[in-house]
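Undergrad:
Protein chains: 2
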Amino acid sequence: MKTALVAGQGRLPLALARAMADRPLVAALDGFSPDGLAVDLTFRVERLVPFLRALERDGIGQVIFAGAVTRPRLDPALLDEATAALLPRLMQAMAAGDDATLRVVIQLFEEFGLAVAGVDSVAPALLPGAGVLAGTPGLRDEADAARAAAIVTALGAVDVGQGAVVAQGLCLGVEALPGTDALLAGIAALKPGLRPDPARGRGVFYKAAKPGQDRRIDLPTIGPDTLRAVAAAGLGGVAFQAGSVICLDLEEMQRLAGELGLFLWARA
Amino acid sequence: MKTALVAGQGRLPLALARAMADRPLVAALDGFSPDGLAVDLTFRVERLVPFLRALERDGIGQVIFAGAVTRPRLDPALLDEATAALLPRLMQAMAAGDDATLRVVIQLFEEFGLAVAGVDSVAPALLPGAGVLAGTPGLRDEADAARAAAIVTALGAVDVGQGAVVAQGLCLGVEALPGTDALLAGIAALKPGLRPDPARGRGVFYKAAKPGQDRRIDLPTIGPDTLRAVAAAGLGGVAFQAGSVICLDLEEMQRLAGELGLFLWARA
Numbered sequence: 001m002k003t004a005l006v007a008g009q010g011r012l013p014l015a016l017a018r019a020m021a022d023r024p025l026v027a028a029l030d031g032f033s034p035d036g037l038a039v040d041l042t043f044r045v046e047r048l049v050p051f052l053r054a055l056e057r058d059g060i061g062q063v064i065f066a067g068a069v070t071r072p073r074l075d076p077a078l079l080d081e082a083t084a085a086l087l088p089r090l091m092q093a094m095a096a097g098d099d100a101t102l103r104v105v106i107q108l109f110e111e112f113g114l115a116v117a118g119v120d121s122v123a124p125a126l127l128p129g130a131g132v133l134a135g136t137p138g139l140r141d142e143a144d145a146a147r148a149a150a151i152v153t154a155l156g157a158v159d160v161g162q163g164a165v166v167a168q169g170l171c172l173g174v175e176a177l178p179g180t181d182a183l184l185a186g187i188a189a190l191k192p193g194l195r196p197d198p199a200r201g202r203g204v205f206y207k208a209a210k211p212g213q214d215r216r217i218d219l220p221t222i223g224p225d226t227l228r229a230v231a232a233a234g235l236g237g238v239a240f241q242a243g244s245v246i247c248l249d250l251e252e253m254q255r256l257a258g259e260l261g262l263f264l265w266a267r268a
Numbered sequence: 269m270k271t272a273l274v275a276g277q278g279r280l281p282l283a284l285a286r287a288m289a290d291r292p293l294v295a296a297l298d299g300f301s302p303d304g305l306a307v308d309l310t311f312r313v314e315r316l317v318p319f320l321r322a323l324e325r326d327g328i329g330q331v332i333f334a335g336a337v338t339r340p341r342l343d344p345a346l347l348d349e350a351t352a353a354l355l356p357r358l359m360q361a362m363a364a365g366d367d368a369t370l371r372v373v374i375q376l377f378e379e380f381g382l383a384v385a386g387v388d389s390v391a392p393a394l395l396p397g398a399g400v401l402a403g404t405p406g407l408r409d410e411a412d413a414a415r416a417a418a419i420v421t422a423l424g425a426v427d428v429g430q431g432a433v434v435a436q437g438l439c440l441g442v443e444a445l446p447g448t449d450a451l452l453a454g455i456a457a458l459k460p461g462l463r464p465d466p467a468r469g470r471g472v473f474y475k476a477a478k479p480g481q482d483r484r485i486d487l488p489t490i491g492p493d494t495l496r497a498v499a500a501a502g503l504g505g506v507a508f509q510a511g512s513v514i515c516l517d518l519e520e521m522q523r524l525a526g527e528l529g530l531f532l533w534a535r536a
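Chains as they are written, first to last, in the working numbering: chain A, 1 to 268; chain B, 269 to 536.
1) On the criterion of 16 or more Cβ atoms from any shown chain inside 10 Å, does P356/B qualify as buried, or is it exposed?
2) L503/B touches chain A at which residues, Cβ-Cβ below 8 angstroms?
3) Given I485/B, which residues of its chain have a CB within under 6 angstroms of its CB, disregarding the five upstream and five downstream residues?
4) Using a beta-carbon distance below 9 angstroms, is E182/A in contact with chain B?
5) For my contact list, L532/B and G403/B are in at a C-beta cut-off of 8 angstroms; report their separation, rounded to the angstrom.
6) Where does P392/B land, buried or exposed, given buried means 16+ other C-beta within 10 angstroms?
7) What would DSSP say about Q254/A, mapped onto helix, strand or coil?
8) When the cut-off is 9 angstroms and only beta carbons count, does V472/B lie next to chain A?
9) Can a CB atom of chain A be found closer than 9 angstroms to the CB of L407/B?
10) Tell whether a beta-carbon distance below 9 angstroms holds between R200/A and R147/A.
11) Compute the distance between the beta-carbons of Q17/A and L37/A, then report whether it is under 9 angstroms.
12) Looking at C-alpha atoms only, which residue of F51/A, R23/A, V69/A is the closest neighbour of P34/A?
13) Quick check on DSSP: helix, strand or coil for G169/A?
14) Is the shortest distance between the beta-carbon of R267/A and the beta-carbons of chain B less than 9 angstroms?
15) Is the number of C-beta pairs between the segment 361-380 of chain B and the segment 428-443 of chain B that are closer than 8 angstroms three or more?
16) Distance check for L170/A and G454/B, CA to CA, integer angstroms please.
17) Runs of 4 residues minimum, wholly inside the segment 376-423 of chain B: which ones carry the alpha helix (DSSP H) assignment?
18) Per DSSP, which residues does Q213/A bridge with? Please list them.
19) Run through chain A and tell me which residues come within less than 7 angstroms of A418/B, C-beta to C-beta.
20) Do you know offhand how far L48/A's Cα is from T42/A's?
21) Chain B partners of A239/A, CB-CB under 7 angstroms?
22) Can you give the beta carbon distance from A275/B to G335/B, rounded, assuming they're within the 8 angstroms contact cut?
23) Let me confirm a value: Q241/A is counted as buried when at least 16 other C-beta atoms fall within 10 Å, else exposed. Which label applies?
24) With a threshold of 6 angstroms on Cβ separation, who are the neighbours of A507/B within its own chain once the five nearest residues in sequence on each side are excluded?
25) For K2/A, which beta-bridge partners are listed by DSSP?
26) Mind checking who V472/B pairs with in its DSSP beta bridge?
27) Tell me whether R71/A is buried or exposed, calling it buried when 16 or more other Cβ atoms sit within 10 Å of its Cβ.
28) So that I know if they touch, is there some Cβ in chain A lying closer than 9 angstroms to that of V498/B?
29) Do A28/A and V39/A have their beta-carbon atoms positioned less than 9 angstroms apart in this structure?
30) Measure the C-alpha to C-alpha separation of G212/A and A398/B and round it to an integer number of angstroms.
31) Near A188/A, what residues of its chain come up, given a Cβ to Cβ distance below 6 angstroms and the 5 sequence neighbours on each side ignored?
32) Closer than 7 angstroms by C-beta to D120/A: which residues in its own chain qualify, once you throw out the five before and the five after it? Chain order, please.
33) Please tell me whether L445/B and R195/A are closer than 9 angstroms, where the distance is taken between their beta carbons.
34) From T226/A to C515/B, what distance separates their C-alpha atoms?
35) Nearest-angstrom Cα distance between G237/A and A209/A?
36) If you measure between the beta carbons of L133/A and L12/A, is that distance less than 9 angstroms?
Spelled out as structure tokens, the structure:
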């Protein structure tokens, strides 16, 4: 079955294309090009239906979404009639939030006969299963990771973030709209008096999927940059939910974790 | 009944002493003096029992705790025999966290015949009941405050923070160990692309007690500095749980909110 990769910004589309058995057709939303990956086809939301028909004509049987897209502005002058008819559904979903929008986008693709696949099925190597991948988390780290996992689960229930930082049982911060980089930069900037003495446990950055999220889009992603930010924040390592977090360039992450003295742990 | 105010750092002890009907005896932990309030009696944790007996001798019937205290270092050379016997209980509680420590401290005072009162009973004016205290929160602000309240409730269940910032339904951050100042400073430092367009709703800082917390200690506190930080973060105002959040100098807060163009809202 021919696959189209609907790519957003960032490095994930390239990593995904490389990890797939067959080269996919690469489509990108106008204005949101992936890093380092050639785009075969550019489309606009205002002309979504012609784009979906083009995929059909090309014999595409399934699509996979990867990369970041912020809400695009819509230019009414560009709308075709068929897409215009879908607009109320799309606009209503966009008003209800990102998750609702993604659910409707998946529905629309499926209504046009395109299956929507997840990273699990097309590139499972990007989602490491349980195991310690670098360094050696200690008992204190295990306890911190467990507390962070409980916090992320509680946050997921109110649809906030996918990450938290815990050191010596104390929560130093959780991920909200501004994302991982902002969370870790904030912790790097903390005055020493506002965090526990690192000599007794440097702390863990933990990342997980939202409970109940559609695993076909928006799985959390970490990479070498995450490890650099974790080291800059003075933490001891990264733990993540095994099988649910995409690792961009795992080999380089393992090498870098060793260099930075961090652990990297896919937690069951 | 004579009351002792056991004061920690910050401005709350002074505000509390002023709001009480009768002047209390002011006791402070060695090294943690309140701002602007004369201390009648200094004590050390190593000599807790002699301190409790001195309160008894002075005819003190109840105590109220106010102000911040970080875990003091203990000097074994200063211990008296009676306090030494209590140490295992105290140390165990300190290892289990701040809430556990406070519970044990309350128990010890009660075992020595001292009732532990809350702000509710000795200075209810510091805890505003439901109502808009400054400005006019709009429908968007009401929705943001409701979402923030749900987030703080979820966080409370995992014993994290008492505050959250929501703008246009999106959570910009939650309060963790580093506290309100760090949260608001982080939001002030956000790049514009990482938050929704303020023209459509500037957002709300929301504060509440932890669900199920002992209301006799560590109720959340806001004051004029909070409003300045909220303005610097570009938010539209402050909402808080009516009857459960201490307002330091409410009159000054109302004046300042007007000057800064913020609303201040005790939400039922």
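For each residue, glycine too, the CB sits at the ideal point set by N, CA and C. These numbers come from a predicted model, not from an experiment.
TA: For this structure:
1) As a position in the second sequence, residue 356/B is number 88, starting the count at 1. Result: exposed.
2) Taking the first residue of the second sequence as 1, we reach residue 503/B at position 235. Chain A residues near L503/B: none, gap ~14 angstroms exceeds 8 angstroms.
3) Here residue 485/B corresponds to residue number 217 of the second sequence, with the count starting at 1. Cβ neighbours of I485/B beyond the five flanking positions: F333, L370.
4) Stepping through the first sequence from its first residue, residue 182/A is reached at position 182. What sits at residue 182/A in the sequence shown is Ala, not Glu. For A182/A, the answer is yes, since a Cβ of chain B falls inside 9 angstroms of its Cβ.
5) In the second sequence, counting from the first residue as 1, residue 532/B sits at position 264. In the second sequence, counting from the first residue as 1, residue 403/B sits at position 135. That belief holds up - the Cβ atoms of L532/B and G403/B are roughly 7 angstroms apart, short of 8 angstroms.
6) One-based indexing of the second sequence puts residue 392/B at position 124. Its Cβ having fewer than 16 others within 10 Å, P392/B is exposed.
7) Taking the first residue of the first sequence as position 1, residue 254/A is located at position 254. Helix at Q254/A.
8) In the second sequence, counting from the first residue as 1, residue 472/B sits at position 204. Taking Cβ atoms only, chain A never reaches closer than 9 angstroms to V472/B, which makes this a no.
9) Within the second sequence, numbered from 1, the residue matching residue 407/B stands at position 139. Output row for L407/B: interface = no.
10) Residue mapping note: residue 200/A aligns to position 200 of the first sequence, counting from 1. Residue mapping note: residue 147/A aligns to position 147 of the first sequence, counting from 1. No; because the gap between Cβ atoms is not below 9 angstroms, this pair is not in contact.
11) In the first sequence, the residue the question calls residue 17/A occupies position 17. In the first sequence, the residue the question calls residue 37/A occupies position 37. As written in the sequence, residue 17/A is Ala, which differs from the Gln given in the question. Their beta carbons are under 9 angstroms apart, which means A17/A touches L37/A by this criterion.
12) The sequence position of residue 34/A within the first sequence is 34, counting from 1. Checking every option, the nearest Cα to that of P34/A belongs to V69/A.
13) Working through the first sequence from its first residue, we reach residue 169/A at position 169. Here G169/A sits in coil by DSSP.
14) Taking the first residue of the first sequence as position 1, residue 267/A is located at position 267. Closer than 9 angstroms: no.
15) no
16) Here residue 454/B is taken as the residue at index 186 of the second sequence, counted from 1. Here residue 170/A is taken as the residue at index 170 of the first sequence, counted from 1. Approximately 19 angstroms, taken between the alpha carbons.
17) 387-390
18) Position 213 of the first sequence, counted from the start, is the residue given in the question as residue 213/A. None; Q213/A has no bridge partner.
19) The count along the second sequence starts at 1 and reaches residue 418/B at position 150. Result: V158.
20) Translated into the one-based positions of the first sequence, residue 48/A becomes position 48. Translated into the one-based positions of the first sequence, residue 42/A becomes position 42. Their Cα atoms are separated by approximately 11 angstroms.
21) Within the first sequence, numbered from 1, the residue matching residue 239/A stands at position 239. Result: empty, since nearest Cβ-Cβ is about 17 angstroms, beyond 7 angstroms.
22) One-based indexing of the second sequence puts residue 275/B at position 7. One-based indexing of the second sequence puts residue 335/B at position 67. A275/B to G335/B, Cβ: 5 angstroms. Contact.
23) Position 241 of the first sequence holds residue 241/A. When all chains shown are included, Q241/A counts as buried.
24) Working through the second sequence from its first residue, we reach residue 507/B at position 239. Here the set comprises A413, V472, Y474, W533, R535.
25) Here residue 2/A is taken as the residue at index 2 of the first sequence, counted from 1. According to DSSP, K2/A bridges with I60/A.
26) For the purposes of this step, residue 472/B is identified with residue 204 of the second sequence, where counting begins at 1. Paired residue(s): V434/B, G505/B.
27) Here residue 71/A corresponds to residue number 71 of the first sequence, with the count starting at 1. R71/A is exposed by the Cβ-count criterion.
28) The residue given as residue 498/B occupies position 230 in the second sequence. Output row for V498/B: interface = no.
29) Residue numbering aside, residue 39/A sits at position 39 when the first sequence is read from its first letter. Residue numbering aside, residue 28/A sits at position 28 when the first sequence is read from its first letter. Cβ distance < 9 angstroms, so V39/A and A28/A count as in contact.
30) Within the first sequence, residue 212/A is the residue found at index 212, counting from 1. Within the second sequence, residue 398/B is the residue found at index 130, counting from 1. Going from the Cα of G212/A to the Cα of A398/B covers about 36 angstroms.
31) The count along the first sequence starts at 1 and reaches residue 188/A at position 188. So the qualifying residues of the chain are A232, A233.
32) Position 120 of the first sequence, counted from the start, is the residue given in the question as residue 120/A. Once the five neighbours on either side are set aside, the close Cβ partners of D120/A are L127, R215.
33) Here residue 445/B refers to the residue found at position 177 when the second sequence is read from its first residue. Here residue 195/A refers to the residue found at position 195 when the first sequence is read from its first residue. It is a contact, given that the beta carbons lie within the stated cut-off.
34) Translated into the one-based positions of the first sequence, residue 226/A becomes position 226. Translated into the one-based positions of the second sequence, residue 515/B becomes position 247. One C-alpha to the other measures close to 40 angstroms.
35) Here residue 237/A refers to the residue found at position 237 of the first sequence. Here residue 209/A refers to the residue found at position 209 of the first sequence. Approximately 18 angstroms between the Cα atoms of the pair.
36) Locating residue 133/A in the first sequence gives position 133, where the first residue counts as 1. Locating residue 12/A in the first sequence gives position 12, where the first residue counts as 1. The answer is no: Cβ separation not under 9 angstroms.
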